[in-house]
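Visitor:
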Ligand SMILES: C[S@@+](CC[C@H](N)C(=O)[O-])C[C@H]1O[C@@H](n2cnc3c(N)ncnc32)[C@H](O)[C@@H]1O
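Residue numbers (the numbering used here): 62 to 323.
Take a look at the structure:
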């Protein structure tokens, strides 16, 4: 349900262009999923727009820089694996079996070409995602881009930490991890921010996907550091960042490199 709402919003955003890929397949899926879901102007919508820009820029930047493996964790109805498909690049998508089955049925019905994507079903709380990725052909000797967009609230803190740690274990030097955590709380709008956070909790809780973890940007940086990922403060890996760079940390949009193991 939450992935469906994100898809409905994302359908209305201007996306980063790429010289290759199947953007029409991504759009067809989002339209199919969104159905009659209405999106209204809101701060959530502005946040999702910035988030989409960030992940598009990281992904296209990484591909331009020569990355040949992308792992999208909790992919939901995101189809960047199709939108930004490129010859020689392998995409892995991981999600709960139910979400993924529904996505695959829709993609088949829409006639999308999915041959270059490896779909793995897994529950981060119960399954060894690292082993599944390696069994499915992830090359642990080559750098990967790992993506975790909009998933943090739905995982228990220990499950999230275990996921970040195990992804580091299968990440070659030079790998990147792009993750969205929560936004920074500003002292001057505490009441408004608290109200919005409560509304968000109530809404996703009512959809049967309760918020299990709330992390701000600093918590996210610390968690990643404990799990072997060093958050980068430069924008070199981002393409066409659309002026997002100065705000992205306060929005909890973090890009980390695999820290050296000692
Ligand atoms: C809000 S959606 C975000 C989807 C997608 N990343 C996006 O930005 O459109 C959260 C996703 O996390 C997945 N998810 C939640 N808990 C999970 C778990 N324990 N294991 C694997 N995936 C999970 C859901 O199935 C859903 O697709």
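Where is the CB? At the ideal position from N, CA and C, for every residue including glycine. The structure displayed is predicted, hence computed values, not measured ones.
Among 110, 71 and 123, which residue has its Cα nearest to the Cα of residue 317?
Guide: Residue 317 sits at position 256 when you count from the first residue of the chain shown. It is 123 whose Cα lies nearest to the Cα of residue 317.
Visitor: Counting Cβ pairs closer than 8 Å, one from the segment 307-322 and one from the segment 233-249, do we hit at least three?
Guide: Between the segment 307-322 and the segment 233-249, the count of C-beta pairs closer than 8 Å reaches three or more; the two stretches touch.
Visitor: Looking at the unbroken alpha helix (DSSP H) that takes in residue 86, where does it start and where does it end?
Guide: Counting from one through the chain shown, the residue named residue 86 turns up at place 25. Element bounds for residue 86: 84-95.
Visitor: Should the segment 259-274 be regarded as contacting the segment 160-172, the criterion being three or more beta carbon pairs within less than 8 Å?
Guide: no
Visitor: Does DSSP classify residue 307 as helix, strand or coil?
Guide: Residue numbering aside, residue 307 sits at position 246 when the chain shown is read from its first letter. It is helical.
Visitor: Which same chain residues, not among the five before or five after residue 231, have their C-beta less than 7 Å away from its C-beta?
Guide: Counting from 1 along the chain shown, the entry for residue 231 is found at position 170. Same-chain partners within the cutoff: 191, 194, 195, 199 and 201.
Visitor: Excluding the 5 residues preceding and the 5 following residue 311 in the sequence, name in chain order all residues of the same chain whose CB lies nearer than 6 Å to its CB.
Guide: Here residue 311 is taken as the residue at index 250 of the chain shown, counted from 1. Excluding sequence neighbours, residue 311 sits near 245.
Visitor: Just to confirm the assignment: which complete alpha helix (DSSP H) runs, minimum length 4, are found wholly within the segment 168-215?
Guide: 190-196
Visitor: Just to check, is the beta-carbon of residue 73 closer than 7 Å to a non-hydrogen atom of ligand 1?
Guide: On the chain shown, position 12 is the one that residue 73 refers to. No, the Cβ of residue 73 stays beyond 7 Å of every heavy atom of ligand 1.
Visitor: Between 197, 177 and 212, which has its C-alpha nearest residue 185's C-alpha?
Guide: Stepping through the chain shown from its first residue, residue 185 is reached at position 124. Of 197, 177 and 212, the residue nearest in Cα terms is 212.
Visitor: Inspect the beta-carbon positions of residue 209 and residue 120 and report whether they are closer than 8 Å.
Guide: What you label residue 209 is simply residue 148 of the chain shown in a count that begins at 1. What you label residue 120 is simply residue 59 of the chain shown in a count that begins at 1. 8 Å or more divides the Cβ of residue 209 from the Cβ of residue 120.
Visitor: What would DSSP say about residue 245, mapped onto helix, strand or coil?
Guide: In the chain shown, residue 245 corresponds to position 184, counting from 1. Residue state, collapsed to three classes: coil.
Visitor: Give every residue of the same chain whose Cβ lies closer than 7 Å to the Cβ of residue 274, excluding the five residues on either side of it in the sequence, and list them in chain order.
Guide: As a working note, residue 274 is residue 213 in the chain shown. Counting only Cβ-Cβ distances below 7 Å, and skipping sequence neighbours, we find 213, 214, 216, 217, 218 and 221.
Visitor: In this structure, what does DSSP give as the bridge partners for residue 292?
Guide: What you label residue 292 is simply residue 231 of the chain shown in a count that begins at 1. According to DSSP, residue 292 bridges with 317.
Visitor: Quick check on this structure: which residue in 74, 157, 107 and 112 has the alpha carbon closest to the alpha carbon of residue 242?
Guide: Against the chain shown, residue 242 aligns to sequence position 181. Answer by Cα proximity: 112.
Visitor: Give me the residue from 284, 278, 74 and 86 with the minimum Cα distance to residue 172.
Guide: Here residue 172 corresponds to residue number 111 of the chain shown, with the count starting at 1. Checked all of 284, 278, 74 and 86; the closest Cα to residue 172 is 86.
Visitor: Does the Cβ-Cβ distance between residue 83 and residue 138 come in under 8 Å?
Guide: In the chain shown, counting from the first residue as 1, residue 83 sits at position 22. In the chain shown, counting from the first residue as 1, residue 138 sits at position 77. The answer is no: Cβ separation not under 8 Å.
Visitor: Return helix, strand or coil for residue 265, following the three-state DSSP convention.
Guide: Position 204 of the chain shown holds residue 265. The answer is helix: DSSP assigns residue 265 an H, G or I state.
Visitor: Under the assumption that residue 176 contacts residue 154 (Cβ atoms under 8 Å), give the Cβ distance between them as a whole number of angstroms.
Guide: For the purposes of this step, residue 176 is taken as residue 115 along the chain shown, with counting starting at 1. For the purposes of this step, residue 154 is taken as residue 93 along the chain shown, with counting starting at 1. That pair is no contact at about 13 Å.
Visitor: In three-state DSSP terms, what is residue 253?
Guide: Start at 1 with the first residue of the chain shown, and residue 253 comes out as number 192. Of the three classes helix, strand and coil, the one that applies to residue 253 here is helix, per DSSP.
Visitor: For residue 75, count the other beta carbons within 10 Å of its own beta carbon; 16 or more makes it buried, fewer makes it exposed. Which is it?
Guide: By one-based count along the chain shown, residue 75 stands at place 14. Classification of residue 75: exposed, given that the 10 Å Cβ count is below 16.
Visitor: Checking 8 Å against the spacing of the C-beta atoms, do residue 100 and residue 106 come in under that value?
Guide: By 1-based counting over the chain shown, the position of residue 100 is 39. By 1-based counting over the chain shown, the position of residue 106 is 45. Yes, they are a contact pair.
Visitor: Of the choices 108, 150, 288 and 94, whose alpha-carbon is the least far from that of residue 203?
Guide: Sequence index remark: in the chain shown, residue 203 carries index 142 (1-based). Among 108, 150, 288 and 94, the Cα nearest to that of residue 203 belongs to 150.
Visitor: Considering only their Cβ atoms, is the gap separating residue 314 from residue 282 smaller than 8 Å?
Guide: In the chain shown, counting from the first residue as 1, residue 282 sits at position 221. In the chain shown, counting from the first residue as 1, residue 314 sits at position 253. No; because the gap between Cβ atoms is not below 8 Å, this pair is not in contact.
Visitor: Would you mind reading off the limits of the beta strand (DSSP E) that contains residue 134?
Guide: Residue mapping note: residue 134 aligns to position 73 of the chain shown, counting from 1. Following the DSSP letters along the chain, one finds residue 134 inside the beta strand (DSSP E) bounded by residues 130-134.
Visitor: Could you give the C-beta distance for residue 68 and residue 94, rounded to a whole number, given that I count them as a contact under 8 Å?
Guide: Counted from its first residue, the chain shown places residue 68 at position 7. Counted from its first residue, the chain shown places residue 94 at position 33. That pair is a contact at about 4 Å.
Visitor: Is residue 70 buried or exposed, if buried means 16 or more other CB atoms sit within 10 Å of its CB?
Guide: As a position in the chain shown, residue 70 is number 9, starting the count at 1. Classification for residue 70: buried.
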